[in-house]
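One line per chain: the protein sequences are A and B, in this order.
Under my numbering, residue 583 is the last one in the first sequence; the count climbs by one each step, no gaps.
Under my numbering, residue 200 is the last one in the second sequence; the count climbs by one each step, no gaps.
Worksheet: the structure to be examined is printed underneath.
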Amino acid sequence: MYRYDQYDHLIVRERIAQYRDQVRRRLADELTEEEFLPLRLQNGLYMQRHAYMLRIAVPYGLLSTAQMRTFAHIARKYDRGYGHFTTRQNIQFNWIELEQTPDILADLAAVEMHAIQTSGNCIRNITTDEFAGVAADEVIDPRPYAEILRQWSTFHPEFIALPRKFKIAINGAVEDRAAIAIHDIGLTVVHNAAGEVGFKFMVGGGMGRTPILGSVINDFVPWQHVLTYTEAVMRVYNQFGRRDNKYKARIKILVKAVGVEEFARLVDEEFADLKDGPETLTREELDRVARYFNPKPYLALPAIDPRAQHADDKAFANWLLRNVKPHKVPGYASVVLSLKKTGVPPGDATAEQMDFVADLADKYSFGELRVTHEQNLVLADVEQAKLFEVWQQAKARGLATPNIGLLTDIIACPGGDFCSLANAKSIPIAAAIAERFDNLDFQHDIGDIELNISGCINACGHHHVGHIGILGVDKDGSEWYQVSIGGAQGNASAIGKIIGPSFSSLQMPEVVGRLLEVYVKNRVDGERFIDTAQRLGVAPFKEYVYATPIKAGQLVGEDEYA
Amino acid sequence: MPNFQLQAHAQIIKGRDVVADDWSVLRLDAESGATPESIEVPEGKIIVPLAVWLAQRATLAQRAAIGVWLPSDALATAIKDDLAQFAVVAVDFPRFSDGRGYSIAYNLRKRLGYTSELRAIGDVLRDNLFSMQRCGFDAFAPRQDRSIHEALKGLTAFSNPYQASVDEPQPLFRRAARGGQPEHNDIGAGI
């Protein structure tokens with residue numbers, strides 16, 4: 022993975038000094054809270070319901086074990102013993118003291134990490150495929166470009182006070198696992214007819230109040246021009262994006278307002294002047310960065326069937342089926358460690374689990390880990406012959422729930438339990454649904470399904486692109502949930518359609534149950550839930566869900582004791 | 010009652026120094042019904058709003074010294090044919106969080122070749138000076154409720170940024186040999 026050189030180190034050190042002084046000035050009242058707000062946000066520090074939350078950047082979701090152990094250390098020393106992995110492949114800590122944040126940053130800098138631009142109206146952490154570099158269907162490894170864009174966007178002097186936040190995702194595989202269509206810029210690394218590398222350049226995707234899928238404005242931007250072309254897009258947006266209404270300030274609204282063709286024309290006009298300028302990427306710089314992502318020193322191993330030795334172990338078979346993914350090198354596989362055990366908030370990991378997965382990665386996966394945008398962790402390079410021992414160890418720590426891609430692999434934001442923006446809680450809904458459908462045979466029968474929950478319209482839980490999407494809404498001061506179906510991420514991205522009036526939290530497990538019944542009754546020939554939902558449309562689901570009164574279920578988790 | 014305000018800064022930052030300043034920024038008083046055509050621009054070193062410049066260009070151009078300021082929703086190209094007329098061009102930052110002024114500055118310097126004083130006015134605070142300087146501002150009128158000497162420190166926050174911009178036309182990957190390790194592993198400690 023990428024390692025800091027002396028310049029990266031210096032920038033991060035200077036940043037800590039700058040931020041430490043900003044905190045000092047705030048505490049001395051030399052800065053008002055209003056003035057401090059954009060400064061702390063650009064350092065990932067939010068004021069939540071109970072305390073400050075610090076979001077730390079995990080560039081494109083790739084982590085060393087030393088970095089993971091530092092998270093465990095932060096969880097123990099500065100937080101309450103756990104952290105939350107996010108849908109943007111970052112981690113956040115929920116119980117942070119302002120006074121301690123500069124020291125946390127110093128601890129992070131020691132392992133080449135920071136919290137720069139993890140929030141605020143600037144270019145955020147650049148995300149990509151969690152299987153980048155190892156996926157069997159990968160065409161080009163997107164990580165060198167993600168790192169180059171990371172450096173370019175870090176403290177970009179012109180684009181630090183954009184109309185709104187700005188998110189870039191890159192995919193380099195046949196199947197899009199980076200959800201590029203819901204990003205402000207979504208890049209696909211491709212070859213053109215001549216075999217040269219470049220980017221299919223998509224802009225204007227996003228969720229929030231107005232979910233829109235991105236539009237392609239250029240089919241092929243040669244790799245040398247990725248920074249200058251991005252700069253052109255950013256300058257058009259910085260000048261012309263709306264600033265009068267924060268709900269209309271994302272680039273998607275600008276693209277929609279002027280039209281895709283006109284937007285592309287504005288970008289081309291801007292680019293004409295930048296093309297071949299100094300920010301044009303050199304082969305030397307690309308090679309320098311790409312070297313850090315060279316393939317691991319894999320052994321020459323035969324591809325084996327890992328089930329062979331354990332044919333009668335159904336639990337292991339389930340885990341192989343759901344949590345183990347194909348690798349481009351024979352004899353290896355990628356393992357997804359589930360952070361979705363029933364009873365645990367989606368994406369949460371304890372300090373002990375963090376230390377443990379670091380040990381696993383050191384022993385079995387070249388000392389590296391990935392964070393997925395579905396809020397799980399990945400050991401990317403495990404020998405197939407060692408899968409059984411990895412499974413046994415992960416299982417003992419509650420990290421081997423065989424539910425990847427299944428009903429209980431729920432994406433959820435922290436919601437109203439933590440977030441001050443939320444209209445409603447997310448975690449108790451996820452918990453109630455997970456509890457009701459905890460039966461693995463049932464889950465395996467339902468098969469691939471994505472259930473996403475957001476506590477408010479900001480859509481951190483990606484509800485718009487969930488096969489089943491749940492959105493927390495506020496009605497007369499109480500919490501309600503709006504349900505949509507038919508959303509999807511990836512190559513066949515789609516925005517879900519709302520099925521009807523919203524539900525109380527206690528009705529939600531039954532609502533999901535009824536949606537699944539409609540699916541089971543109507544599915545044909547191995548159709549997934551999403552296929553059936555898109556084939557039939559909302560009507561039959563709506564009809565069945567609302568046909569009879571929906572009984573309220575039981576409270577679970579903390580709310581049980583409220 | 011005058012239908013405008015004149016805002017003067019006794020001191021501003023120019024380059025990396027605090028210096029005395031004798032310019033005044035004229036802001037129209039919207040409530041008074043003043044129009045760019047009708048207001049009488051006082052004598053002296055005045056930085057007028059873009060709208061006043063456009064409305065009274067012929068007379069204002071006769072003055073010994075005149076400046077203009079661009080609101081954040083203006084484009085640099087609005088004054089592209091007049092740049093030689095100005096002793097100072099200012100760009101207004103109505104709020105710290107309104108970043109359009111950075112692109113205006115970039116375009117004035119890089120696209121239009123403006124070389125005289127480019128001044129940041131409005132909600133100008135220590136923590137945005139570094140970016141402003143990178144985008145081509147060489148003069149800063151920081152908010153007067155804060156120490157200008159403290160603000161000066163904002164100009165030296167970083168010593169070697171990644172990107173090319175107006176102050177540094179080459180990106181880091183073209184101006185330095187990347188990939189070296191720090192001489193000491195505590196590089197920058199204690200900064």
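Quick reminder that beta carbons are idealized off the backbone N, C-alpha and C, glycines included.
Exposure label - residue i; buried when at least 16 CB within 10 Å
{"i": "Ala39(B)", "result": "exposed"}
{"i": "Asp546(A)", "result": "exposed"}
{"i": "His394(A)", "result": "buried"}
{"i": "Leu181(B)", "result": "buried"}
{"i": "Val195(A)", "result": "exposed"}
{"i": "Arg184(B)", "result": "exposed"}
{"i": "Arg264(A)", "result": "buried"}
{"i": "Arg343(A)", "result": "buried"}
{"i": "Lys361(A)", "result": "buried"}
{"i": "Arg198(A)", "result": "buried"}
{"i": "Lys446(A)", "result": "buried"}
{"i": "His158(B)", "result": "exposed"}
{"i": "Ala198(B)", "result": "Note that Ala198(B) scores 46 on pLDDT, short of 50, meaning its location in the model is unreliable; the coordinates nonetheless yield the value given after this. When all chains shown are included, Ala198(B) counts as exposed."}
Residue i at chain A interface by Cβ criterion, 8 Å
{"i": "Asp101(B)", "result": "no"}
{"i": "Gly42(B)", "result": "no"}
{"i": "Gln65(B)", "result": "no"}
{"i": "Arg143(B)", "result": "yes"}
{"i": "Tyr115(B)", "result": "yes"}
{"i": "Gly24(B)", "result": "no"}
{"i": "Tyr111(B)", "result": "yes"}
{"i": "Ala129(B)", "result": "no"}
{"i": "Gly108(B)", "result": "yes"}
{"i": "Pro58(B)", "result": "no"}
{"i": "Phe95(B)", "result": "no"}
C-beta atoms of residue i and residue j nearer than 8 Å
{"i": "Gly482(A)", "j": "Ile474(A)", "result": "yes"}
{"i": "Leu536(A)", "j": "Val566(A)", "result": "yes"}
{"i": "Ser168(B)", "j": "Glu118(A)", "result": "no"}
{"i": "Arg109(B)", "j": "Val175(B)", "result": "no"}
{"i": "Ala406(A)", "j": "Ile470(A)", "result": "no"}
{"i": "Val356(A)", "j": "Val365(A)", "result": "no"}
{"i": "Asn444(A)", "j": "Glu389(A)", "result": "no"}
{"i": "Leu408(A)", "j": "Ser359(A)", "result": "no"}
{"i": "Glu217(A)", "j": "Pro184(A)", "result": "no"}
{"i": "Ala64(B)", "j": "Glu49(B)", "result": "no"}
{"i": "Thr139(A)", "j": "Asn111(A)", "result": "yes"}
{"i": "Gly163(B)", "j": "Asp132(B)", "result": "no"}
{"i": "Gly141(A)", "j": "Leu62(A)", "result": "yes"}
Top-ranked residue by Cα proximity to residue i, from the options
{"i": "Ser525(A)", "options": "Glu564(A), Gln555(A), Ala453(A) and Ala513(A)", "result": "Ala453(A)"}
{"i": "Ile137(A)", "options": "Ala417(A), Asp124(A) and Thr175(A)", "result": "Thr175(A)"}
{"i": "Phe562(A)", "options": "Asn266(A), Leu129(A), Gly498(A) and Ile489(A)", "result": "Ile489(A)"}
{"i": "Gly596(A)", "options": "Leu492(A), Phe463(A) and His465(A)", "result": "For residue 596(A) there is no data in the structure shown, the boundaries of chain A being 22 and 583."}
{"i": "Gly207(A)", "options": "Thr231(A), Asp240(A), Glu306(A) and Pro327(A)", "result": "Asp240(A)"}
{"i": "Val281(A)", "options": "Val224(A), Asn192(A) and Ala568(A)", "result": "Val224(A)"}
{"i": "Ala173(B)", "options": "Glu126(B), Asp132(B), Tyr115(B) and Ser156(B)", "result": "Tyr115(B)"}
{"i": "Ala336(A)", "options": "Val403(A), Ile520(A), Leu84(A) and Thr422(A)", "result": "Thr422(A)"}
{"i": "Pro232(A)", "options": "Gly558(A), Ser505(A) and Arg544(A)", "result": "Ser505(A)"}
{"i": "Tyr23(A)", "options": "Thr108(A), Glu290(A), Val132(A) and Arg61(A)", "result": "Val132(A)"}
{"i": "Ile448(A)", "options": "Arg101(A), Phe261(A), Ile519(A) and Thr363(A)", "result": "Thr363(A)"}
{"i": "Asp15(A)", "options": "Gly154(A), Glu168(A) and Ile169(A)", "result": "Outside the shown range of chain A, which is 22 to 583, sits residue 15(A), and nothing can be said about it."}
Cutoff 8 Å: residue i Cβ touching any chain B Cβ
{"i": "Ile32(A)", "result": "yes"}
{"i": "Glu54(A)", "result": "no"}
{"i": "Leu322(A)", "result": "no"}
{"i": "Gln43(A)", "result": "yes"}
{"i": "Asn142(A)", "result": "yes"}
{"i": "Tyr28(A)", "result": "yes"}
{"i": "Met22(A)", "result": "no"}
{"i": "Thr303(A)", "result": "yes"}
{"i": "Asp580(A)", "result": "In this predicted model, Asp580(A) has a pLDDT of only 45, less than 50, meaning its place in the structure is not dependable; the value taken from the coordinates is given anyway. Asp580(A) does not count as touching chain B."}
{"i": "Leu60(A)", "result": "yes"}
Query raised in the report: Listed from N- to C-terminal order along the chain, which residues in the region 79-90 of chain B have their beta-carbon within a distance smaller than 8 Å of any beta-carbon of chain A?
Result: Leu84
Query - Residues of the region 164-183 of chain A with Cβ closer than 8 Å to any Cβ of chain B, in chain order - result: Those residues of the region 164-183 of chain A that come within reach of chain B (Cβ to Cβ, closer than 8 Å) are Gln172, Trp173, Thr175, Phe176, His177, Pro178, Glu179, Phe180, Ile181, Ala182 and Leu183.
Query - Members of the region 144-178 of chain B near chain A, C-beta cut-off 7 Å - result: Cys144, Ala166, Phe167, Ser168, Asn169, Pro170, Tyr171, Gln172, Ala173, Ser174 and Pro178
**Report entry** Residues in the region 234-252 of chain A having any Cβ partner in chain B nearer than 7 Å
**Finding:** none
Requested in this report: Anything in the region 251-274 of chain A with a Cβ closer than 8 Å to a Cβ of chain B? List those residues in chain order, please.
Outcome: Arg256, Asn259, Gln260 and Arg264
**Report entry** Residues of the region 107-119 of chain A with Cβ closer than 9 Å to any Cβ of chain B, in chain order
**Finding:** The region 107-119 of chain A vs chain B, Cβ under 9 Å: nothing.
Report task. Could you list the residues in the region 274-285 of chain A with a C-beta less than 7 Å from some C-beta on chain B, going in chain order? Result -> Answer set for the region 274-285 of chain A: empty.
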